[in-house]
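Asker: Following this message is one structure expressed as structure tokens.
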Amino acid sequence: MFDGAKNGVTISFGLISILVFWLGMMRIAEDSGLLRKVAKGLRPLVRLLFPDVPKDHPAVGYIMSNMSANLLGLGNAATPMGIKAMQELQTLNPDKSTASPAMCTLLALNTASITLIPTTLIAIRMNYNSANPAEIVGTTLLATAVATLAAIAADRYCRRRLLAKTVPKG
């Protein structure tokens, strides 16, 4: 029991150090304007994936921040942005008791999320003295790319089905 607790603390400190490092890097990227450039690059994709969200709505900024953090493998940093995005999307939702299509899209993307740098997994592998902790980058990128494409395909399929049910025939 004590060995398990010791391992838990050791892993936590390792994860915290990696998270602090990447959050610091994100802060530098934000201060340097890099995040604005990434957001500008993501804007057309966000418009395509979230056609029912007005382009100047606050949710768009939170969605882009969430996607950027997930791209860098910072799931813990992405979570607050995802929550804020959901709160903002809820303000656009006509039926407050049901998730809107945009909310479902965000949930699907956030869950599948393509990851360029799996920082948390690399940190765990470093804590366990892996000979090559970053060797998983390629396979992680491939797996998350496939998962993201599947999430987008499922989202589009469900949106079409929902649209077919709500548009009167004839």
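Quick note on our numbering: the sequence shown kicks off at 34 and runs consecutively.
We put the beta carbon where it would ideally sit given N, CA and C, even for glycine.
May I ask which residues mark the beginning and end of the alpha helix (DSSP H) holding residue 95?
Answerer: Looking at the DSSP string, the run of the alpha helix (DSSP H) that includes residue 95 is 91 to 104.
Asker: Could you tell me the alpha carbon to alpha carbon distance between residue 44 and residue 51, rounded to whole angstroms?
Answerer: Approximately 11 Å between the Cα atoms of the pair.
Asker: Would you kindly check if the distance between the Cβ of residue 187 and the Cβ of residue 141 is under 8 Å?
Answerer: Yes, Cβ-Cβ distance for residue 141 and residue 187 is below 8 Å.
Asker: Going residue by residue through the stretch 118 to 178, where are the continuous alpha helix (DSSP H) segments of at least 4 residues, counting only ones entirely within it?
Answerer: Taking only runs of at least 4 residues, the alpha helix (DSSP H) segments lying wholly in the stretch 118 to 178 are 134 to 145 and 152 to 160.
Asker: Note down, in chain order, each residue of its chain lying with its Cβ closer than 6 Å to the Cβ of residue 180, except the 5 sequence neighbours on either side.
Answerer: Excluding positions up to five away in sequence, the list reads 145.
Asker: Flag this pair as touching only if the stretch 118 to 126 and the stretch 84 to 97 have three or more C-beta atom pairs under 8 Å; answer yes or no.
Answerer: With the cut-off at 8 Å, the stretch 118 to 126 and the stretch 84 to 97 touch.
Asker: From residue 114 to residue 106, what does the alpha carbon distance come to, in whole angstroms?
Answerer: Rounded to whole angstroms, residue 114 to residue 106 spans 14 Å at the Cα level.
Asker: Are residue 97 and residue 72 closer than 8 Å when you measure CB to CB?
Answerer: It is a contact, given that the beta carbons lie within the stated cut-off.
Asker: Please state if the CB of residue 48 and the CB of residue 153 are separated by a distance shorter than 8 Å.
Answerer: Against a cut-off of 8 Å, the Cβ pair of residue 48 and residue 153 comes out as a contact.
Asker: What residue from 46, 129, 79 and 137 has the CA that sits closest to residue 191's CA?
Answerer: Ranking 46, 129, 79 and 137 by Cα distance to residue 191 puts 137 first.
Asker: Measure from the alpha carbon of residue 117 to the alpha carbon of each residue in 132, 176 and 94, then state which is nearest.
Answerer: Nearest C-alpha to residue 117: 94.
Asker: Taking all protein chains shown into account, do 16 or more other C-beta atoms lie within 10 angstroms of the C-beta of residue 82, making it buried, or fewer, making it exposed?
Answerer: By the neighbour-count rule (16 or more Cβ atoms within 10 Å), residue 82 is buried.
Asker: Just the Cα atoms here: how many angstroms apart are residue 39 and residue 75?
Answerer: Cα to Cα, the separation comes out at about 42 Å.
Asker: So which of 167, 157, 139 and 162 has the shortest CA-CA distance to residue 149?
Answerer: The option with the nearest alpha carbon to residue 149 is 167.
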